[in-house]
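S.K.: Numbering (this note's numbering), first residue to last: 270 to 385.
By construction, the Cβ of each residue, glycine as well, lies at the ideal position given by its N, Cα and C atoms.
Since the structure is predicted, the reported quantities are computational estimates derived from the model, not experimental observations.
Take a look at the structure:
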């Protein structure tokens with residue numbers, strides 16, 4: 270996986286830019302708890318997806334919950350969904366088109382919803 274492919278999302282300003290850019294191209298926001306084994310498995314699924322011909326027309330963002338809880342909460346508030354982690358959220362034109370959490374975040378699910 271390219272380090273530049275998965276961008277850290279750590280500020281409200283970055284979130285503003287991501288939501289603005291979602292009108293131009295889809296944005297995947299992945300919420301990850303650094304201490305949760307379920308989140309670790311989902312993150313490994315994301316890494317596997319990104320390492321195996323991921324969709325190139327999507328921007329990928331990572332929120333580390335322990336370091337950016339306010340940003341994570343803001344994502345939930347703005348997009349009208351419950352905060353969970355792990356959680357994968359695909360946004361187009363400022364709206365959620367797909368989201369999954371916990372065991373539903375798999376490499377196969379990412380391929381199905383993002384393309385390969």
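Where in the segment 320-379 do unbroken runs of the alpha helix (DSSP H), each at least 4 residues long, occur, reported from the N-terminal end onward?
M.R.: The segment 320-379 contains these whole alpha helix (DSSP H) runs: 338-348.
S.K.: Consult DSSP for residue 315 and reduce its assignment to one of helix, strand or coil.
M.R.: Three-state result, residue 315: helix.
S.K.: What separation, rounded to the nearest whole angstrom, lies between the Cα atoms of residue 347 and residue 313?
M.R.: Approximately 27 Å between the Cα atoms of the pair.
S.K.: Quick one, which of 356, 290, 325, 320 has its alpha-carbon nearest residue 370's?
M.R.: When only C-alpha atoms are compared, the closest one is 356.
S.K.: Can you name the start and end residues of the beta strand (DSSP E) that residue 277 belongs to?
M.R.: Note, residue 277: beta strand (DSSP E), 275-277.
S.K.: The alpha helix (DSSP H) that contains residue 288, what's its start and end?
M.R.: Run containing residue 288: 281-290, per the alpha helix (DSSP H) assignment.
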